[in-house]
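First up is the structure itself, then whatever we jot down about it.
2 protein chains.
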Amino acid sequence: MRFLGLDVGGSFLKGAIVDPSGKVEERLHEPVAKGSLEELLAQLERAVGTLGARAGARALGIGIPGIVEQETARLRHAPNLPVLNGFALAEEMKKRTGLPAFLENDANAAALAEAWRGAGRGSQDQLFVTLGTGIGAGVILGGRIWSGKSGYAGEVGHIQAQPDGPACGCGSRGCVETIAGIGGWVRRAEELLVSRESVLRGRPLDPEAIVNAAKADDGVALEIVDGAAAALGVGIGAVLNLLNLDRVVVGGGVAAAGEFLLERIVAEVRARIFPQVFADASFRLAELGGDAGVVGAARVAMVGLAA
Amino acid sequence: MRFLGLDVGGSFLKGAIVDPSGKVEERLHEPVAKGSLEELLAQLERAVGTLGARAGARALGIGIPGIVEQETARLRHAPNLPVLNGFALAEEMKKRTGLPAFLENDANAAALAEAWRGAGRGSQDQLFVTLGTGIGAGVILGGRIWSGKSGYAGEVGHIQAQPDGPACGCGSRGCVETIAGIGGWVRRAEELLVSRESVLRGRPLDPEAIVNAAKADDGVALEIVDGAAAALGVGIGAVLNLLNLDRVVVGGGVAAAGEFLLERIVAEVRARIFPQVFADASFRLAELGGDAGVVGAARVAMVGLAA
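Residue numbers (our numbering), protein chains in the order written: chain E, 1 to 307; chain U, 1001 to 1307.
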């Protein structure tokens, strides 16, 4: 028995055939055709044909960078894939491919993948946080994704970390994401470089360069990294004080900064939660890397089929 | 069939006999005997005798202002009842009374009571926040209390609302409780009265007096109330962005300030969460008042017996 996972990103479509143990047997990776709804649907249908036909997949899971309203199986609030806004994608894909199809938010799918086969193994109650342009997250309770009433659960990136912080696209200000998202790193670097010396001056500002400079003890870089870690400390700390979970998994592109960043995040979380709540939680870097989205989507299909 | 609920507070012991529909049939209310463990146990045993014998109670539920580790059924971190720290109270009470006995944190018990018979009726996924000296909370997911690994779940009062705020007893700073707990109201009043005119000058500073002054448009009082509401907005907003719940119930002594305070809290929450997340949640004042603790404790017994 095989399951097909598609991870439809704002830039790339990834796909995989996954066996029941979570092993990836085939992969697909191509620019996403998001010019029109029909173009995108045709691309997804082709992807299912290419990957699925050979392997005899039993069901299709699709991860999407947007909110999935589970009651109606419709997408809402998909700013990076506006052609899909309000569309009942699972139903349409079932029509086109004949496969039972299930939809999930991409961060939730990645959370499920890490919980199943990655850094979340062995824990039933955990938080997955993905660090990138945005701060995504998935909450796993009792081994299952907690979606909330309309699928908005997991918005750790929009917990307020600084009451007087930068305005956020969500309408609030000082959200974790405005400080710890990639845009926050760059904005803070630009602010500090106005008046401070740093090896970052004149270089392209991305999290990797900033982390490397911080590792070399550059003061400006350290301040940026520590600011991001503090904002994440507020957000993750809030989650742990609220839910007393036993695992936190940190993934996403920025998490490639590795233990250096994770240690700083953990220190900032620790400063904000009860000692017992800290002792209860283990903090780990995600293990599945670029496969998390497709493995999670396949797992969504597997769980959906069994339900 | 009847259930006995005891609410052991830092100052008072309350008790009630509750019928299966949640109706309170008998009440008990007396100063708590917390001089020694033996004294307290004897008082609880007497209370069970007084209330329980007449009604033929089937089980005993006990609410406690401390952390209850569900795995071991022991109390941890009970600063207001230090004689109970580390004690296996349920087991001891079962020995003394012959009744199946169940232990729960008092805010969790009150949350369960409101969810069952109060302002949380009809919702399976909700947050109960109790405003008093401290900020307590209970999280109900799928109709059941979410306790977390060691029973610490629900610590909304220790979500960080102001990164540079007042030091908190928990070791962090700027926790919701340091601003929105009664001590926070008084501290802010004293700070503002140093340099500002207000009808509060020379009066005893308690939340009721401050809310009344705020209702009469006193600038200092309004600033205190709005500061508390903003801190609660950060904490409750964090919970809703994380869990996308459908109900928030606000109770506790300070909630007697009623709609005036609730409206301000709701406005501050609204400013910090996604419009859909706001639309999904209804906000209500608690309905059970002083009965919440005992009704919740009885409900804990009822649920425990059925499990």
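All residues carry an ideal CB built from backbone N, CA and C; glycine is no exception.
Give me the DSSP bridge partner(s) of residue i.
i, result
"residue 1076/U", "1067/U"
"residue 1282/U", "1247/U"
"residue 299/E", "Its beta-bridge partners do not exist; DSSP assigns none."
"residue 1137/U", "1129/U"
"residue 970/U", "Absent from the model: residue 970/U. The displayed extent of chain U is 1001 to 1307, so no value can be given."
"residue 1061/U", "1005/U, 1102/U"
"residue 257/E", "Residue 257/E is not bridged to any residue."
"residue 42/E", "For residue 42/E, which the question treats as bridged, DSSP gives no partner whatsoever."
"residue 167/E", "173/E"
Using a C-beta to C-beta distance shorter than 7 Å, which residues of chain E count as neighbours of residue i?
i, result
"residue 1126/U", "Within 7 Å Cβ-Cβ: nothing; residue 1126/U doesn't reach chain E, min ~11 Å."
"residue 1153/U", "242, 243, 244"
"residue 1272/U", "160, 172"
"residue 1156/U", "242"
Closer than 8 Å by beta-carbon distance: list the chain U residues that pair up with residue i, in chain order.
i, result
"residue 141/E", "1141, 1146"
For residue i, does the three-state DSSP call read helix, strand or coil?
i, result
"residue 1124/U", "coil"
"residue 249/E", "strand"
"residue 1015/U", "strand"
"residue 1234/U", "helix"
"residue 1291/U", "helix"
"residue 1005/U", "strand"
"residue 1155/U", "coil"
"residue 1224/U", "helix"
"residue 1160/U", "strand"
"residue 173/E", "strand"
"residue 205/E", "coil"
"residue 31/E", "strand"
"residue 1048/U", "helix"
"residue 1216/U", "coil"
"residue 1109/U", "helix"
"residue 263/E", "helix"
"residue 1194/U", "coil"
"residue 119/E", "coil"
"residue 24/E", "strand"
"residue 1088/U", "coil"
"residue 189/E", "helix"
"residue 200/E", "coil"
Within 8 Å (strictly less), CB to CB, does residue i reach chain E?
i, result
"residue 1250/U", "no"
"residue 1234/U", "yes"
"residue 1277/U", "yes"
8 Å is my cut-off, CB to CB: does residue i come that close to chain U?
i, result
"residue 237/E", "yes"
"residue 68/E", "no"
Determine the chain U residues that contact residue i at a beta-carbon separation under 9 Å, and present them in chain order.
i, result
"residue 280/E", "1148, 1149, 1150, 1152"
Identify the contact partners of residue i in chain U, using a Cβ-Cβ distance below 7 Å as the criterion.
i, result
"residue 225/E", "Residues of chain U passing the Cβ test: none, with the nearest at roughly 16 Å."
Please list, in chain order, the chain E residues whose beta carbon lies closer than 9 Å to that of residue i.
i, result
"residue 1043/U", "Ordered by position in chain E, no residue passes the 9 Å Cβ test against residue 1043/U, which lies about 29 Å from the chain."
Judging by CA-CA distance, which residue of the options is the nearest neighbour of residue i?
i, options, result
"residue 1143/U", "1114/U, 1159/U, 1163/U", "1114/U"
"residue 278/E", "286/E, 289/E, 265/E, 285/E", "265/E"
"residue 26/E", "91/E, 204/E, 273/E, 295/E", "295/E"
"residue 172/E", "1075/U, 1291/U, 1270/U", "1270/U"
"residue 205/E", "41/E, 190/E, 77/E, 286/E", "190/E"
"residue 1106/U", "1263/U, 1230/U, 1135/U", "1135/U"
"residue 56/E", "17/E, 29/E, 152/E", "17/E"
"residue 1060/U", "1037/U, 1207/U, 1091/U", "1091/U"
"residue 1052/U", "1078/U, 1076/U, 1006/U", "1006/U"
"residue 1222/U", "1245/U, 1197/U, 1246/U", "1197/U"
"residue 238/E", "300/E, 165/E, 154/E", "154/E"
"residue 19/E", "139/E, 116/E, 123/E, 131/E", "116/E"
"residue 1207/U", "1240/U, 1242/U, 1256/U", "1256/U"
"residue 1156/U", "1163/U, 1180/U, 1150/U", "1180/U"
"residue 177/E", "267/E, 112/E, 131/E", "131/E"
Can you list the residues of chain E that residue i reaches, using a CB-CB cut of under 8 Å?
i, result
"residue 1163/U", "161, 162, 230, 234"
Can you check whether the C-beta of residue i is within less than 8 Å of a C-beta belonging to chain B?
i, result
"residue 95/E", "Here the protein chains are E and U, and chain B is not one of them."
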